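Comments concern the structure below.
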Amino acid sequence: MAKARQQLPPQIKKIEIVDRKTAKVVVRYQVTVDAGINPDTGRRQQVRRRYNSEKAARDALGEITDQATKGMFVPRKAVTVEQLCTNWLASLHNTRATTSLGYEYLLAPLRESYGDVAVQRLTRADLDTLLIALRDGGTKTAKGATRRPWSARSVNKAVDAWRAVLAYGVESREVAYNVAESMKKVPRVRKEMDTYTPAEIGAVLRAADRDRSGHLWYLALSGLRRSEIAGLQWSDVDLTEGTLSVKRGRVQAGAGTVVENEPKTKSSKRTLPLDEGLVAVLKRASARYAEEKLALGAAHADSGYVAVNEAGNPYTPDTLSRMWHKNTKTAKVRPIRLHDARHSCGTAMHLRGVPLAVIAKWLGHADAETTARIYAHSQDAELRAAGVTLGAVVTASH
Numbered sequence: 283m284a285k286a287r288q289q290l291p292p293q294i295k296k297i298e299i300v301d302r303k304t305a306k307v308v309v310r311y312q313v314t315v316d317a318g319i320n321p322d323t324g325r326r327q328q329v330r331r332r333y334n335s336e337k338a339a340r341d342a343l344g345e346i347t348d349q350a351t352k353g354m355f356v357p358r359k360a361v362t363v364e365q366l367c368t369n370w371l372a373s374l375h376n377t378r379a380t381t382s383l384g385y386e387y388l389l390a391p392l393r394e395s396y397g398d399v400a401v402q403r404l405t406r407a408d409l410d411t412l413l414i415a416l417r418d419g420g421t422k423t424a425k426g427a428t429r430r431p432w433s434a435r436s437v438n439k440a441v442d443a444w445r446a447v448l449a450y451g452v453e454s455r456e457v458a459y460n461v462a463e464s465m466k467k468v469p470r471v472r473k474e475m476d477t478y479t480p481a482e483i484g485a486v487l488r489a490a491d492r493d494r495s496g497h498l499w500y501l502a503l504s505g506l507r508r509s510e511i512a513g514l515q516w517s518d519v520d521l522t523e524g525t526l527s528v529k530r531g532r533v534q535a536g537a538g539t540v541v542e543n544e545p546k547t548k549s550s551k552r553t554l555p556l557d558e559g560l561v562a563v564l565k566r567a568s569a570r571y572a573e574e575k576l577a578l579g580a581a582h583a584d585s586g587y588v589a590v591n592e593a594g595n596p597y598t599p600d601t602l603s604r605m606w607h608k609n610t611k612t613a614k615v616r617p618i619r620l621h622d623a624r625h626s627c628g629t630a631m632h633l634r635g636v637p638l639a640v641i642a643k644w645l646g647h648a649d650a651e652t653t654a655r656i657y658a659h660s661q662d663a664e665l666r667a668a669g670v671t672l673g674a675v676v677t678a679s680h
């Protein structure tokens, strides 16, 4: 027996209209429903929409009714993805400049791909497609350049930014749902931190002694962050007392953009004592700065930074990384990141018995737990020594 056709609810009406594209008469299902009070006008709002099928009309009726009951219904608006991103960025009143620039970088692919799309028409599928494209590489920038594949960390940061923008859209009643809320992130493969052995550190420093900017690699292997080296000024260095104060950092915020900020945390702002060897290295660098300034005269920028070129202009953080790799090549050691020089410092101090609390204070960590978790690496030589010690204990017990 055929199943009886379910009667249409009073809010849905089957109508015939002329299709604008084909000029043919087609059947549509028109939904007319009370959607509650419009919070912007304070008046009741009636929604009228047309759908190609009865099922789509019934689904829409249920969704609109449910949203209206919960006071969550959002009428259709023409706000675009680009406008919502712009408004969200403008709402970040207490955000550091580097953070804002970082968000702009993370949102750029979304704005380039879907900026002209009404935000209410943005779908989860759109975002999943963009995520895959960023992960695999090949998306185009606004200037037409092809992006390399993004790391899992960068892709996941972009997803966080999309969620934040759309959450702002829900809060400001531009969209009813945050379609990025349940997005799955890209699995991250945590990279093993690499550090130099004492012999490799010695090779790097010997090469640094022949490098005009060699004093910077002494600072890196003394535990300073790349941003701290880039932001250090000669006024922060007391060569008489033998101290160095970390007061600011210069951070790379996109290609060609550098932002200077105070350290993020209280523990990062610190004063470190310098040994005689490092004082001597910095004295030579300071004297070179003065000589170059005298030679160039008014053409010298006299920026006051410790990490500068011959004209006194400060190096960008990315430039420091490139220079570091050039020095490690000269030293004929394994290439590691400039930041791993800092890890090498923490590891060397730990292996020589310096208390974790002291290492934490030296590196500018908030607590020793962070230091133990991130910087206390074991190196192959120490592992072999541990094995010998264990073997001696086991043998003696027989």
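For the sequence shown, position 239 (counting from the first letter as 1) is numbered 521 according to the numbering used here, and the numbering increases by one without interruption. A virtual CB, placed ideally from N, CA and C, is assigned to each residue, including glycine. All of these numbers come straight from a predicted model, not from anything done at the bench.
Ile294 is a Cβ neighbour of Ala339, given a cutoff of 7 Å. Out of Thr423, Thr477, Arg472 and Gly635, the CA that lies nearest to the CA of Ala434 is found in Arg472. Contact between Ala400 and Thr362 holds, since their C-beta atoms are separated by about 6 Å, short of 8 Å. In the structure shown, the three-state DSSP call for Thr553 is strand. Per DSSP, the continuous alpha helix (DSSP H) segment holding Val447 begins and ends at Ala434 to Glu453.
Per DSSP, Glu542 is not a residue of any alpha helix (DSSP H); the beta strand (DSSP E) it occupies stretches across Val540 to Asn543.
Looking at the backbone, the Cα of Thr653 and that of Cys627 are separated by about 12 Å. In this structure the region 476-486 does not touch the region 439-454; the number of beta carbon pairs closer than 8 Å is below three. The C-beta distance from Thr525 to Leu554 rounds to 7 Å, short enough to meet the 8 Å contact threshold. For Leu506, there is no enclosing alpha helix (DSSP H), as DSSP marks it with neither H nor E. Closest option to Ile346, judged by alpha-carbon separation, among Asp316, Ala305 and Pro291: Asp316.
Counting C-beta pairs with one atom in each stretch, the region 596-610 and the region 447-462 have fewer than three that are closer than 8 Å, which means they do not touch. With respect to the C-alpha of Gly646, the residue from Thr380, Gly505 and Ala446 having the closest C-alpha is Gly505. A direct Cα-Cα distance of roughly 11 Å separates Lys466 from Arg406. Counting C-beta atoms within 10 angstroms of its own C-beta, His497 has 16 or more neighbours from the protein chains shown and is therefore classed as buried. Per the coordinates, the alpha-carbon of Ile641 lies some 25 Å from the alpha-carbon of Pro617. Our two residues, Val540 and Asp418, have alpha carbons roughly 28 Å apart in a direct line.
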